[in-house]
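Here the structure comes first, spelled out in structure tokens, and everything after it is commentary.
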Amino acid sequence: QKKRTQKDEPRPGKGGRLRRAAVVVFGVALLSAAVVAGLFLSGLIGSNPSVPRAAIVDQLSLTQSNPEFAASATDTLEQAGYAVDYFPGEQVTVEFYRNLPTHDYDLIILRVHSGMTVELDAQTGQETATEYVTLFTGEPYREDKYAQEQIGRLGKAHYYEGAPPLFGIAPGFITDSMRGSFDEALIVLMGCDGLKSATTAKAFLDKGASAFVSWTEAVSASHTDAATLRLLEHLLVDNLPIQEATARTMADVGPDPMYGAELRLAFHR
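Following this line, the structure appears as structure tokens:
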């Protein structure tokens, strides 16, 4: 089909990796994210002494650069003992996403554009009931590139109507084209609509992520930057479990004042 884009509290384990077992409960119409209650969560797991690793994937730097965010996030992570890799937008290609799970990151911050996609029926061209969140790459779209994966895995992503298209990453690409497993990594999707639909979050969780944090609606760059820095502080400085860190962050920064997006959390069942 074609696509149109726009028991204790958990603690770091495996060299700082956040490991959990919990429940994903998505709200009515998939607009609210996971409601976590009565969770029986694993404690410290494993004894691997290796340094925990984090990635900041900054596709948004192509259009809404914020070096202060990257510097502050890196500082917080490094102070907590993480080795940090930073990837600017021009490096965020289809192949980059394909290999992302193979790098054994414990925490992946996706500062990327994202938006809702409604699939079109290949026969009629009409909209179907299938919708999900697509992640932007920084790679210009070409009809003759990744031709087989453009069926259900990749699509066109536009910043705005009429903008030059980029390749967009669909949930099918995450589950079927990405190599390896996220191996209990925490995924923070800073872009729009990450938990407006369950599908993309579920793809990351099915690919091995321990938890997925994102927004219920569109969100401004300034608001998601501020919220993510606060989330890292609660998680790594205050040493709060991920569900409490997410709730505290939301209480601190509130919904996006322009779009009303709320920060939410999803766990794998």
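Each residue of the sequence shown is one higher than the one before, counting from 735 in this note's numbering. All C-beta atoms in this analysis are idealised placements derived from N, C-alpha and C, irrespective of residue type, glycine included.
Residue span of the alpha helix (DSSP H) that contains residue i, given as start and end
i	result
residue 785	Unbroken run through residue 785: none, as it is neither H nor E.
residue 956	955–966
residue 906	905–910
residue 948	No alpha helix (DSSP H) holds residue 948; the beta strand (DSSP E) holding it covers 945–949.
residue 976	976–987
residue 922	Segment 920–923 is the beta strand (DSSP E) holding residue 922; no alpha helix (DSSP H) there.
residue 1000	Taken as a continuous stretch (DSSP letters only), residue 1000 belongs to no alpha helix (DSSP H), being part of the beta strand (DSSP E) at 997–1001.
residue 803	801–813
residue 940	932–940
residue 831	828–833
Between the CA atoms of residue j and residue i - distance to the nearest angstrom
i	j	result
residue 923	residue 785	23 Å
residue 770	residue 977	Any answer about residue 770 is weak, because its pLDDT of 29 lies below 50 and its placement is not dependable; what the coordinates show is given next. Their Cα atoms are separated by approximately 8 Å.
residue 916	residue 1002	13 Å
residue 744	residue 998	For residue 744, the pLDDT reaches just 37, beneath the cut-off of 50, and the residue's location in the model is therefore unreliable, although a value from the coordinates is still provided. Looking at the two C-alpha atoms, the distance is approximately 17 Å.
residue 820	residue 919	17 Å
residue 961	residue 987	6 Å
residue 913	residue 905	14 Å
residue 928	residue 871	15 Å
residue 994	residue 926	11 Å
residue 983	residue 967	9 Å
residue 992	residue 959	15 Å
residue 841	residue 815	12 Å
residue 989	residue 797	23 Å
residue 799	residue 858	40 Å
residue 963	residue 807	6 Å
residue 932	residue 883	22 Å
residue 985	residue 969	14 Å
residue 921	residue 896	31 Å
residue 812	residue 802	15 Å
residue 805	residue 839	19 Å
residue 843	residue 851	22 Å
residue 938	residue 836	14 Å
residue 817	residue 1000	25 Å
residue 794	residue 845	6 Å
residue 889	residue 996	27 Å
N- and C-terminal bounds of the beta strand (DSSP E) containing residue i
i	result
residue 888	888–891
residue 971	Element bounds for residue 971: n/a, residue is neither H nor E.
residue 841	841–844
Residues that residue i bridges to, as DSSP identifies them
i	result
residue 822	792
residue 902	870 and 889
residue 850	867
residue 881	For residue 881, which the question treats as bridged, DSSP gives no partner whatsoever.
Distance cut-off 7 Å: residue i Cβ against heavy atoms of the ligand MG
i	result
residue 970	Although the ligand MG was asked about, the structure shown includes no ligands whatsoever.
Subject >> Cβ contact (3+ pairs, closer than 8 Å) linking the segment 901–911 and the segment 967–985 >> reply: no
Original post:
Would you call the segment 891–908 and the segment 864–883 in contact, with 3 or more CB pairs under 8 Å?
Top reply: yes
Original post:
So, do the segment 950–962 and the segment 823–835 have three or more beta carbon pairs nearer to each other than 8 Å?
Top reply: no
**OP:** Would you check if the segment 784–801 and the segment 931–951 touch, i.e. whether three or more CB-CB distances between them fall below 8 Å?
**Re:** In short, these stretches do not touch, since the Cβ pair count stays below three.
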